[in-house]
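**Student:**
There are 2 protein chains.
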Amino acid sequence: MPEVDRIDLKIIQALKRNARISNAELAETVGTSVSSCWRRVRALEDSGVIAGYTVQLDDKQMGMGFQAIVHVQLRRHAHDDFAPFVKAMHLQDEIRACWATTGQADYHLHVVCADIDGFNRFLDEFLFRMPAVASAQTNLILRTLK
Amino acid sequence: MPEVDRIDLKIIQALKRNARISNAELAETVGTSVSSCWRRVRALEDSGVIAGYTVQLDDKQMGMGFQAIVHVQLRRHAHDDFAPFVKAMHLQDEIRACWATTGQADYHLHVVCADIDGFNRFLDEFLFRMPAVASAQTNLILRTLK
DNA sequence: CATGAAAAAGTTCACCA
DNA sequence: TGGTGAACTTTTTCATG
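Put into structure tokens, the structure is as follows:
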């Protein structure tokens, strides 16, 4: 289990806000020397606590103004159709997150599309064409608080 | 509306995979000159398509092995309690995402805790103590596909 | 007016006290 | 652990198509 202390947590907080901050500025922010800070970041990367760095995109700026939570039920005994379902989840760009869950739905998807027409195409031409999918319910996202 | 062409999309794809790639390598990957690539990244940042850069953390490595989707209903006419609710969503570290949605639930939360005890504390000591919250249902996350 | 090359400023990362 | 500096990267400037 990798040890993560108070300073490591401060480093993580700062990198969450801006992953492209320079090491000198990061050291200043968390109150440690440049060398020590650099070694800590390295250690967090090596231990796997930091899995990587990514870009935050503004979906609206990219013309992706429609979001929804889709609750999906799979067909029982659809074992042969399951692997293609998993693969498709990964390939489909509109699907931002896919979780297997307890409860009424087997899967919760976070879906991002250009508009309601795009979402309609996503359902008709992709989701309901998957042999593994039995049914799905949609909750539109009105506002993203976080 | 900012123009985003094929090369911009390639840049975005590459930065999604690794936001800390050097500009020279990025230019090589997308097949353009270093200067041109740098100006494109700048333009994507300035236009707001790129909102920022962040770190991807491995929750399990950090001892956060429990995840759930929580469906929250607010009390009607709880107008005075709403602003504190929004603020609390932002402050609470366990809450990774919070969406206002249509349907039975008013809000969908993605929650990450250490274990089921931590989640129990999250519900008892935080969520059910919010005056704005009327009720909540939980779906445990069994597996994250994406 | 956009592009690329190249100089100037700043950053990373291995090494040593 | 903290400081130093060579290698590398970013960002500005300038000449060219």
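Chains A and B, in that order, give the protein sequences. Here the first sequence is numbered in my numbering, starting from 1 and rising by one per residue. Here the second sequence is numbered in my numbering, starting from 1 and rising by one per residue. For every residue, glycine included, the Cβ atom is placed at its ideal position computed from N, Cα and C.
Taking residue 11/B as part of the alpha helix (DSSP H), name the residues at either end of that continuous run.
**Tutor:** That run of the alpha helix (DSSP H) goes 6–17.
**Student:** Give the residues from the region 119–140 of chain B that approach chain A closer than 9 Å (Cβ to any Cβ), ordered along the chain.
**Tutor:** Listed by position along the chain: 137, 138, 139 and 140.
**Student:** If you follow the beta strand (DSSP E) that residue 54/A is part of, which residue opens it and which one closes it?
**Tutor:** From DSSP, the beta strand (DSSP E) with residue 54/A extends over 50–57.
**Student:** Can you tell me which residues form a DSSP beta bridge with residue 74/B?
**Tutor:** Looking at the DSSP assignment, residue 74/B forms a beta bridge with 133/B.
**Student:** For residue 40/A, is the classification buried or exposed, using 16 other Cβ atoms within 10 angstroms of its Cβ as the cut-off for buried?
**Tutor:** Counting Cβ neighbours within 10 Å, residue 40/A comes out buried, since at least 16 surround it.
**Student:** I believe residue 101/B touches residue 142/A by the beta-carbon criterion, under 8 Å. Please report the beta-carbon distance rounded to the nearest angstrom.
**Tutor:** Sure, about 6 Å apart at Cβ, within 8 Å.
**Student:** To be precise: take each residue of the region 13–34 of chain A, compare its Cβ to all Cβ atoms of chain B, and keep it if any distance is under 7 Å. Which residues remain?
**Tutor:** Correct list: 15, 16, 18, 19 and 20.
**Student:** Look up residue 140/A in the DSSP assignment and say whether it is helix, strand or coil.
**Tutor:** Correct three-state label for residue 140/A: strand.
**Student:** Name the DSSP bridge partner or partners of residue 99/A?
**Tutor:** Residue 99/A pairs with 108/A and 144/B.
**Student:** Roughly how many whole angstroms lie between the Cα atoms of residue 75/A and residue 128/A?
**Tutor:** The straight-line gap from Cα to Cα measures roughly 12 Å.
**Student:** Find the residues of chain B that neighbour residue 58/A, judging by a C-beta separation of less than 8 Å, and give them in chain order.
**Tutor:** The contacting residues are 48, 49, 50 and 51.
**Student:** Please name the residue, chosen from 31/A, 87/A and 69/A, that lies closest to residue 108/B on a Cα-to-Cα basis.
**Tutor:** Of the listed residues, the one whose Cα sits closest to residue 108/B is 69/A.
**Student:** Please report whether the beta-carbon of residue 84/B lies at a distance below 9 Å from any beta-carbon of chain A.
**Tutor:** Answer no: the Cβ-Cβ gap between residue 84/B and chain A never drops below 9 Å.
**Student:** Going straight from the alpha carbon of residue 124/A to that of residue 85/A, what length do you get?
**Tutor:** Near 15 Å, if we compare the C-alpha coordinates of residue 85/A and residue 124/A.
**Student:** Please report the distance separating the alpha-carbon of residue 91/A from that of residue 136/A.
**Tutor:** Residue 91/A and residue 136/A: Cα-Cα distance of roughly 19 Å.
**Student:** Got a sec? Which residues, its chain only, sit under 7 Å from residue 27/B by beta carbon, not counting five neighbours each side?
**Tutor:** Once the five neighbours on either side are set aside, the close Cβ partners of residue 27/B are 33, 34 and 37.
**Student:** Helix, strand or coil, according to DSSP, for residue 68/B in the structure here?
**Tutor:** DSSP places residue 68/B in strand when its eight states are reduced to three.
**Student:** Rounded to the nearest angstrom, what separates residue 21/B and residue 15/B at their Cα positions?
**Tutor:** When rounded, the distance between both Cα atoms is 7 Å.
**Student:** Using the Cα positions of residue 42/B and residue 11/B, report the straight-line distance between them to the nearest angstrom.
**Tutor:** Using only the alpha carbons, I get a separation of about 11 Å.
**Student:** Report yes if the C-beta of residue 91/B is less than 8 Å from at least one heavy atom of the ligand ADP; otherwise report no.
**Tutor:** The ligand ADP is not among the ligands present in this structure, which contains no ligands whatsoever.
**Student:** Report yes if the CB atom of residue 81/A is closer than 9 Å to the CB atom of residue 51/B, and no otherwise.
**Tutor:** Contact: no.
**Student:** By alpha-carbon positions, which one of 115/B, 65/B and 132/B ends up nearest to residue 88/B?
**Tutor:** Minimum Cα distance to residue 88/B is reached at 132/B.
**Student:** Whose CA, out of 65/B, 8/B and 56/B, lies closest to the CA of residue 17/A?
**Tutor:** Considering only alpha carbons, the answer is 56/B.
**Student:** Kindly indicate if chain B contains any beta-carbon less than 9 Å away from that of residue 114/A.
**Tutor:** By this cut-off, residue 114/A is not an interface position.
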